[in-house]
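Asker:
In the working numbering, the protein residues as written are 8 to 85.
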């Protein structure tokens, strides 16, 4: 966690750090905190939220994760 004052001084370095590490940084403000994260991290969150909004997708993902690799089809039928 960094203070808002530190973030103001080190913004360039913080952006580079989250871009490299993909680890969010919490910035502590007086009236609340904020999170700085990489663009790819944000895109991942957006994609996850979208997929979870599709009816039945969560269950489909869980079923897929529970399926042994040996039982998976070798050829895709797209």
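All C-beta atoms in this analysis are idealised placements derived from N, C-alpha and C, irrespective of residue type, glycine included. If you're wondering where the values come from, they're calculated on a predicted model, not measured in any experiment.
What is the DSSP secondary structure of residue 42, counted as helix, strand or coil?
Answerer: If DSSP states are grouped into helix, strand and coil, residue 42 belongs with the strands.
Asker: Any chance you could list the beta strand (DSSP E) runs of at least 3 consecutive residues sitting entirely within the region 14-73, in chain order?
Answerer: Counting only runs of 3 or more, we get 32-35 and 40-43.
Asker: Can residue 9 and residue 34 be called in contact, C-beta distance under 8 Å?
Answerer: Their beta carbons are under 8 Å apart, which means residue 9 touches residue 34 by this criterion.
Asker: If we count the other Cβ atoms within 10 Å of its Cβ and call it buried at 16 or more, is residue 82 buried or exposed?
Answerer: Residue 82 is exposed by the Cβ-count criterion.
Asker: Give every residue of the same chain whose Cβ lies closer than 7 Å to the Cβ of residue 45, excluding the five residues on either side of it in the sequence, and list them in chain order.
Answerer: Once the five neighbours on either side are set aside, the close Cβ partners of residue 45 are 25, 26 and 29.
Asker: Note down, in chain order, each residue of its chain lying with its Cβ closer than 7 Å to the Cβ of residue 59, except the 5 sequence neighbours on either side.
Answerer: Within the same chain, residue 59 has close Cβ partners 65.
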